[in-house]
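Shown next, in structure tokens, is the structure this report addresses.
Residue numbers (our numbering): 27 to 362.
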């Protein structure tokens with residue numbers, strides 16, 4: 027009985043096999059996701075019916091199976107281009123090659139390389155025997171002075187793909203005072219055409235179906251860009267031209283209207299002053315002032331103040347209204 031108890035109740039620890047331990051390590055420390063890079067810079071350009079060897083590099087450098095696919099725009103016509111293989115195994119340096127046979131006519135294609143769930147794309151442009159030209163005009167409703175327009179063509183792109191931020195440099199560029207002429211454009215390629223001037227005006231339009239040898243006029247709607255206040259240091263100067271006679275005439279008329287309002291129904295400054303004092307005094311002082319005025323107080327005050335008593339306060343008001351404006355900086359004065 028004791029042997030049976032030991033047989034069923036006792037156990038000896040068993041070390042995991044090497045394969046089980048490796049699987050456990052892979053679960054705890056999964057290998058990094060592969061990174062795919064093409065050796066050629068985009069876009070790859072080629073003539074019709076041409077073989078192009080394209081290499082991809084996958085890191086980390088170990089054995090990877092790379093799958094290749096040649097894609098075209100769904101709206102484009104069928105083409106006779108192709109790849110010499112659908113997949114390839116990377117060598118010791120992590121590189122794999124695929125050979126592209128370009129179609130017999132101009133078209134924009136995309137070569138996609140995939141390793142597992144990771145992929146990378148390379149635009150390919152098949153150029154015709156004769157390129158196309160765009161003459162880019164601005165459709166600008168703004169008022170800013172534009173001395174130069176810079177036009178760019180972005181191959182195999184659309185304006186919607188820029189996600190609201192229009193790049194300033196494209197694959198082909200020209201600049202002009204009125205309308206840039208951008209030549210050497212591969213026909214049959216979908217294009218994003220951008221136009222800008224300095225840092226303040228920019229726009230984009232999409233162009234499709236250019237023919238070989240075609241010269242097409244394109245109008246790009248451009249608009250004023252908002253100020254980037256977070257990165258802008260703006261000096262503001264406010265001034266008045268002291269030699270502007272129209273300004274002085276306007277100011278004198280406004281001053282005259284303002285000081286004339288002081289009289290109300292009175293004949294001169296003395297009467298207006300005493301009317302205001304009488305209205306502000308409480309009884310019986312207001313009645314006492316009224317009696318004094320009935321006995322000649324108004325005229326006595328005029329005599330005491332002199333010959334200019336009737337306009338003295340209005341003259342002071344005119345000087346006050348025009349005096350401070352002479353201290354406003356001129357347009358050449360810089361304020362920060």
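Even for Gly, the Cβ is constructed at its ideal location relative to N, Cα and C.
**OP:** At 3 residues or longer, and completely inside the region 115 to 158: list those beta strand (DSSP E) runs for me, N to C.
**Re:** With a minimum length of 3 residues, the continuous beta strand (DSSP E) runs that stay inside the region 115 to 158 are 121 to 127, 133 to 141 and 144 to 152.
Original post:
Would you say the region 154 to 172 touches the region 92 to 102, given that touching needs at least three Cβ pairs under 8 Å?
Top reply: The region 154 to 172 vs the region 92 to 102: no contact.
**OP:** Let me know the beta strand (DSSP E) ranges lying completely inside the region 200 to 248, each 3 residues or longer, listed in chain order.
**Re:** Listed in chain order, the complete beta strand (DSSP E) runs (minimum 3 residues) inside the region 200 to 248 are 207 to 211, 217 to 223 and 227 to 233.
Subject >> Span separating the alpha-carbon of residue 61 from that of residue 136 >> reply: CA-CA distance, residue 61 to residue 136, rounds to 18 Å.
**OP:** Report the partner residues of residue 94 according to the DSSP bridge assignment.
**Re:** 139, per the DSSP bridge assignment.
Original post:
For residue 235, which residues of its own chain have a beta-carbon under 8 Å away from its beta-carbon, when the five flanking residues on both sides are left out?
Top reply: When the five nearest sequence neighbours on each side are left out, the beta carbons in the same chain lying within less than 8 Å of the beta carbon of residue 235 are those of 214, in order along the chain.
Original post:
Where residue 68 and residue 180 are concerned, what is the direct C-alpha to C-alpha distance, given to the nearest angstrom?
Top reply: Using only the alpha carbons, I get a separation of about 11 Å.
Original post:
According to the neighbour-count rule (16 or more other Cβ atoms, all chains shown, within 10 Å of its Cβ), is residue 206 buried or exposed?
Top reply: With 16 or more Cβ atoms within 10 Å of its Cβ, residue 206 is classed as buried.
**OP:** Answer with buried or exposed for residue 363, where buried requires no fewer than 16 other C-beta atoms within 10 angstroms of its C-beta.
**Re:** The structure shown has nothing for residue 363, since the chain only spans 27 to 362.
**OP:** Take residue 191 as the anchor and find which of 299, 256 and 229 has the nearest alpha-carbon.
**Re:** Of the listed residues, the one whose Cα sits closest to residue 191 is 229.
**OP:** Report yes if the C-beta distance between residue 244 and residue 233 is below 9 Å; otherwise report no.
**Re:** In this structure, residue 244 places its C-beta atom within 9 Å of the C-beta atom of residue 233.
Original post:
Can you find at least 3 beta carbon pairs, one from the region 116 to 131 and one from the region 71 to 83, that sit closer than 8 Å?
Top reply: Result yes; three or more Cβ-Cβ pairs closer than 8 Å.
**OP:** Identify, in the order they occur along the chain, each residue of the same chain with its Cβ nearer than 6 Å to the Cβ of residue 225, setting aside the five sequence neighbours on each side.
**Re:** Excluding residues within five positions, none has a Cβ falling inside 6 Å.
Subject >> Residue range of the unbroken beta strand (DSSP E) whose run includes residue 178 >> reply: Note, residue 178: beta strand (DSSP E), 175 to 181.
**OP:** Mark residue 126 as exposed unless 16 or more other C-beta atoms lie within 10 angstroms of its C-beta, in which case mark it buried.
**Re:** Note on residue 126: 16 or more other CB atoms within 10 angstroms of its CB, so buried under the neighbour-count rule.
**OP:** Give the single residue among 195, 71 and 59 whose Cα lies nearest to the Cα of residue 140.
**Re:** Ranking 195, 71 and 59 by Cα distance to residue 140 puts 59 first.
Original post:
Relative to the C-alpha of residue 132, which residue among 146, 73 and 64 is closest?
Top reply: Answer by Cα proximity: 73.
Subject >> residue 293, DSSP secondary structure in three states >> reply: Residue 293 falls in the coil class under three-state DSSP.
**OP:** Under 8 Å by Cβ, that's how I've got residue 201 and residue 174 pegged, so tell me the actual separation to the nearest angstrom.
**Re:** Residue 201 to residue 174, Cβ: 6 Å. Contact.
Original post:
What's the gap between the Cα of residue 157 and the Cα of residue 220?
Top reply: Cα to Cα, residue 157 sits roughly 19 Å from residue 220.
**OP:** Can you tell me which of the three DSSP states residue 320 falls into?
**Re:** Helix, per DSSP.
Subject >> Boundaries of the beta strand (DSSP E) in which residue 64 is found, first to last residue >> reply: Its beta strand (DSSP E) spans residues 61 to 64.
**OP:** Could you tell me which of 297, 336, 306 and 338 sits nearest to residue 320, measuring between CA atoms?
**Re:** When 297, 336, 306 and 338 are compared, the shortest CA-CA separation from residue 320 is found for 297.
**OP:** Give the DSSP-derived three-state secondary structure of residue 164 in the structure shown.
**Re:** In the three-state reduction of the DSSP assignment, residue 164 falls in the strand class, which pools E and B.
Subject >> Separation of residue 199 from residue 76, as counted between CA atoms >> reply: In a straight line, the C-alpha of residue 76 is about 27 Å away from that of residue 199.
Original post:
Ends of the beta strand (DSSP E) at residue 85?
Top reply: Segment 77 to 85, the beta strand (DSSP E) holding residue 85.
Original post:
So what's residue 71 in DSSP terms, helix, strand or just coil?
Top reply: Correct three-state label for residue 71: strand.
Original post:
Taking C-beta to C-beta, are residue 71 and residue 150 nearer than 9 Å?
Top reply: Yes, these two residues count as a Cβ contact at 9 Å.
Original post:
Comparing alpha-carbon positions, which option in 231, 178, 145 and 168 lies nearest residue 186?
Top reply: When 231, 178, 145 and 168 are compared, the shortest CA-CA separation from residue 186 is found for 231.
**OP:** Run the CB neighbour count on residue 65, radius 10 Å, all protein chains shown included, and call it buried at 16 or more, exposed below.
**Re:** By the 16-neighbour rule on beta-carbons within 10 angstroms, residue 65 is exposed.
Original post:
CB residue 300 to CB residue 323, shorter than 9 Å?
Top reply: The answer is yes: Cβ separation under 9 Å.
**OP:** On the DSSP bridge assignment, give the partners of residue 364 in chain order.
**Re:** Residue 364 is absent from the model: the chain starts at 27 and stops at 362.
Subject >> Beta-carbon gap between residue 218 and residue 184 smaller than 9 Å >> reply: Cβ atoms of residue 218 and residue 184: closer than 9 Å.
Subject >> Within 9 Å, strictly: CB atoms of residue 317 and residue 328 >> reply: Contact flag unset, no.
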